[in-house]
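Asker: There's a structure below that I have some questions on.
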Amino acid sequence: MNKKVIIIMILALVALIVLTLFSFGPLSNMRKSFSTNPVSLQPSSSNTLSLIKENITLDLYTNKDVRENYYNIYLPKDWQIKAGDKAGSYNMVFPQGSGEIKLQDVADNTTLELFVLSQAEPLLKKTISGYVKKEYLKTTINNNETHEIIYDSSEKGKTMRTIKTYIVGSDNAGAITLSADSVSFETLRSLFMQIINNFNWQK
Amino acid sequence: MKQIFLFISFIVIGLGLYLKYFYDVPDEQITINFFVSGFFIIVGIASLLINIFWTTQVKNNKEL
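So the protein sequences, as listed, match chains A and B.
First residue of the first sequence: 0, per numbering that gives the first Met the number 0; consecutive thereafter.
First residue of the second sequence: 0, per numbering that gives the first Met the number 0; consecutive thereafter.
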């Protein structure tokens, strides 16, 4: 063995140790934070949507975290918006409730409809306390097949109503969850529908 | 023998690149995919370089 071979072996060993630390060790959180593109959290100043009836202005967010799944979404200016745990996700908080937008992995050997009916909905039933399904709709948003579930749940003694929407995408599906207390839900419903209907995959 | 080793190195690198960029990874397997694909790429590149430099060493020995 010459010196160069020994150096390569040492470098490979160091690289494997770093890889292990990034995968399972203390550096794994750093890897996850790299996956959020800072651009995704910057609303576009030139592109806004005004809902005159509700007196609300929506900012355009362009999420560029995951290749193949770049998307545009309009979100109200006065909502608190943060990056979620995973790439391509947002967490929102507003006075009457909360919301989440994320990319949903759907296996290649299934369809979104099958996924929603056989995996997503049973999981909601199992994990959410007081789950009661109110509506299930299959629609289209910007030529993308969409599945919407509206359900009630109980949270700290309050009844919450949630609209969960799955939108077909090229690799992952988009999943928008918007929750509000059941009293506010009906007044917020048109705003929620505006947010959902303006979701757009970026080509 | 040298060619077989070189061929295997390319296969390992190719497998690593496939897992990293083309394989449809389920959400719960992202971490393991990151590790396995990185492992194959590092080991593949290292074995490729070792193969190159090892050959040089043998030649030098023959010359001696």
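No residue lacks a Cβ here, since even glycine has one placed at the ideal position from N, Cα and C.
Within the continuous beta strand (DSSP E) that includes A/Gln103, where are the two ends?
Answerer: From DSSP, the beta strand (DSSP E) with A/Gln103 extends over 96-103.
Asker: Do A/Val65 and A/Gln79 count as a contact pair if the criterion is CB distance below 8 Å?
Answerer: Going by C-beta atoms, A/Gln79 is not nearer than 8 Å to A/Val65.
Asker: Taking 8 Å as the cut-off, does the stretch 15-32 of chain B touch the stretch 181-196 of chain A (at least 3 CB pairs, one atom from each stretch)?
Answerer: No, the stretch 181-196 of chain A is not in contact with the stretch 15-32 of chain B.
Asker: Using a beta-carbon distance below 8 Å, is B/Leu48 in contact with chain A?
Answerer: True, the Cβ-Cβ gap to chain A drops below 8 Å.
Asker: Would B/Gln56 pass as an interface residue toward chain A - the criterion being a Cβ-Cβ separation below 8 Å?
Answerer: Because B/Gln56 sits at a pLDDT of 49, beneath the cut-off of 50, its placement in the model cannot be relied upon, and the following sentence gives the value as read from the coordinates. Taking Cβ atoms only, chain A reaches closer than 8 Å to B/Gln56, which makes this a yes.
Asker: So, is the C-beta of A/Phe114 closer than 8 Å to a C-beta in chain B?
Answerer: Not closer than 8 Å to any Cβ of chain B, the Cβ of A/Phe114 fails to qualify, so no.
Asker: Alpha carbon to alpha carbon, how far is A/Asn71 from A/Pro42? Give it in angstroms, no decimals.
Answerer: Cα to Cα, A/Pro42 sits roughly 10 Å from A/Asn71.
Asker: Taking A/Ile149 and A/Ile166 to be in contact with their CB atoms under 8 Å, please state how far apart those CB atoms are, rounded to whole angstroms.
Answerer: No, A/Ile149 and A/Ile166 are not in contact; Cβ-Cβ is about 16 Å, not under 8 Å.
Asker: Among the candidates A/Gly168, A/Gly156, A/Thr158, whose CA atom is the shortest distance from the CA of A/Thr145?
Answerer: Of the candidates A/Gly168, A/Gly156, A/Thr158, the one whose C-alpha sits nearest the C-alpha of A/Thr145 is A/Gly168.
Asker: On the three-state DSSP scale, how would you describe A/Pro75?
Answerer: DSSP places A/Pro75 in strand when its eight states are reduced to three.
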